[in-house]
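Position 56 of the sequence shown, counted from 1, bears residue number 56 in the UniProt record's numbering, the numbering being contiguous throughout.
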Amino acid sequence: MRWVDRIRLVIEYVEENLVGEISIDDAAKIACCSKFHLNRVFFSYFDTTFSEYVRRRRFTLAAADVVSTQATIVNIAMKYGYTSPNAFTRSFRKIHGVNPSEVRSANATITTYRKASFPLEPVEVERMEYKIVEKASFNIVGKSKRFEFDDFTKNGKKFWKEYVGSDGYKSLCELTDGKPGLVSGSPLLTAYFPDEKKAQDKFLDVLGVEYDTGDKATTFETHSVPAATYAEFDCLYRGAMKTNRYIYSEWFSATGYERDGSKPDIVAYFPMPWRHFSEMRVRWWVPIIKNSDGV
1 MRWVDRIRLV IEYVEENLVG EISIDDAAKI ACCSKFHLNR VFFSYFDTTF SEYVRRRRFT
61 LAAADVVSTQ ATIVNIAMKY GYTSPNAFTR SFRKIHGVNP SEVRSANATI TTYRKASFPL
121 EPVEVERMEY KIVEKASFNI VGKSKRFEFD DFTKNGKKFW KEYVGSDGYK SLCELTDGKP
181 GLVSGSPLLT AYFPDEKKAQ DKFLDVLGVE YDTGDKATTF ETHSVPAATY AEFDCLYRGA
241 MKTNRYIYSE WFSATGYERD GSKPDIVAYF PMPWRHFSEM RVRWWVPIIK NSDGV
């Protein structure tokens, strides 16, 4: 089944259960993929996370109920899965900018988020070439933070920007003196480790260097990156996120590949002397396996 068709089924699942229980575990089963992969694909297609899409659609319908029915706010909140009216009001205000009571008492403006649909404009990137590479296992030593996907899209960039300005980051870079790793060929790496066993939808984001364990590394975390087959994509830092969106929307949809389970996505950075960081070369490695049916 094509990826577009899988995502259509996920959207229909959401629409059919807006007043019931919606689980990303169930959505991932419908899409025949992991939660991590579903989140990446969904965000790449629609520029919003799966859970945020669900919230927006639910509160589009909730606002219509507030405006067009005489049901109490408490009953409307319960209809959409909120046992606390206060929690419902906070979420309503976050989506629409006003409280439910204000919608009824004044001609307040409310926001409508329509059902997601295809076709979409293709993601434009600087380069679309790729190659398939084999990488041996290696250790990445550094700093990590566990993110829920929604939190990562909102706060991940700020968190890492603050860390890069810290003494801890300076000490991390001193481990290798800027020398590239033997396997990655890069002096600095990010790894995104899916965490499919957790009840909550989280992943581990690691910024570090390729480094064998030793006394110098004891103040940092060590994570093992398993051997894997990767699809490799090159781009510049300024286009890195567009390239990632292209991978998870256009590329997976167009090829006979699936993401390889719980193995991490790797981002390798290649700074260039006397160049602005936006000109830094970036290489994405996405772990892949061939679809059994080749489509």
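Using N, Cα and C, we set each Cβ at its ideal position, and we do this for glycine too.
Remember, it's a predicted structure, so these values are computed and weren't measured experimentally.
If we ignore side chains and look at the alpha-carbon of each, how far apart do residue i and residue j end up?
| i | j | result |
| --- | --- | --- |
| A227 | V183 | 10 Å |
| T69 | E102 | 15 Å |
| A27 | T176 | 42 Å |
| A87 | E279 | 44 Å |
| V295 | Y257 | Any answer about V295 is weak, because its pLDDT of 43 lies below 50 and its placement is not dependable; what the coordinates show is given next. Approximately 8 Å between the Cα atoms of the pair. |
| C235 | V282 | 5 Å |
| A71 | N39 | 34 Å |
| residue 296 | V206 | No information on residue 296 is available, as it lies outside the stretch 1 to 295 that the chain covers here. |
| N291 | G165 | 42 Å |
| C33 | T153 | 21 Å |
| N99 | R93 | 5 Å |
| G239 | W160 | 18 Å |
| F203 | A116 | 25 Å |
| I110 | H96 | 5 Å |
| Y269 | F50 | 28 Å |
| V209 | C173 | 7 Å |
| Y237 | E16 | 40 Å |
| K35 | D201 | 7 Å |
| Y80 | Y13 | 16 Å |
| F42 | T48 | 7 Å |
| A254 | Y230 | 16 Å |
| P264 | W285 | 9 Å |
| S91 | A62 | 11 Å |
If you run the structure through DSSP and keep just helix, strand and coil, what is residue i?
| i | result |
| --- | --- |
| T190 | strand |
| K20 | Correcting the residue identity first, residue 20 is Gly in this sequence and not Lys. Residue state, collapsed to three classes: coil. |
| R8 | helix |
| I110 | coil |
| Y269 | strand |
| V41 | helix |
| R2 | coil |
| T72 | coil |
| F118 | coil |
| S34 | coil |
| residue 301 | Because the chain spans 1 through 295 in this model, residue 301 falls outside it and cannot be assessed. |
| S91 | helix |
| G156 | helix |
| V295 | For V295, the predicted structure reports a pLDDT of 43, less than 50, and the residue's modelled location is therefore unreliable. A value from the coordinates is still provided. V295 falls in the coil class under three-state DSSP. |
| V14 | helix |
| D25 | helix |
| D47 | coil |
| V183 | coil |
Based on the DSSP output, what are the partners of residue i in its beta bridges?
| i | result |
| --- | --- |
| Y82 | According to DSSP, which records beta bridges pairwise, Y82 is partnered with nothing at all. |
| I289 | E258 |
| R104 | According to DSSP, R104 bridges with nothing at all. |
| K131 | E232 |
| V282 | C235, Y269 |
Give the range of the alpha helix (DSSP H) segment to which residue i is assigned.
| i | result |
| --- | --- |
| V67 | 50 to 68 |
| N99 | Note, N99: premise wrong, no alpha helix (DSSP H); not H, not E. |
| K170 | 167 to 174 |
Taking the continuous beta strand (DSSP E) assigned at residue i, which residues delimit it?
| i | result |
| --- | --- |
| S144 | 138 to 148 |
### Query
Mind pulling the alpha helix (DSSP H) runs of 4 or more residues that sit fully within the region 196 to 267?
240 to 246
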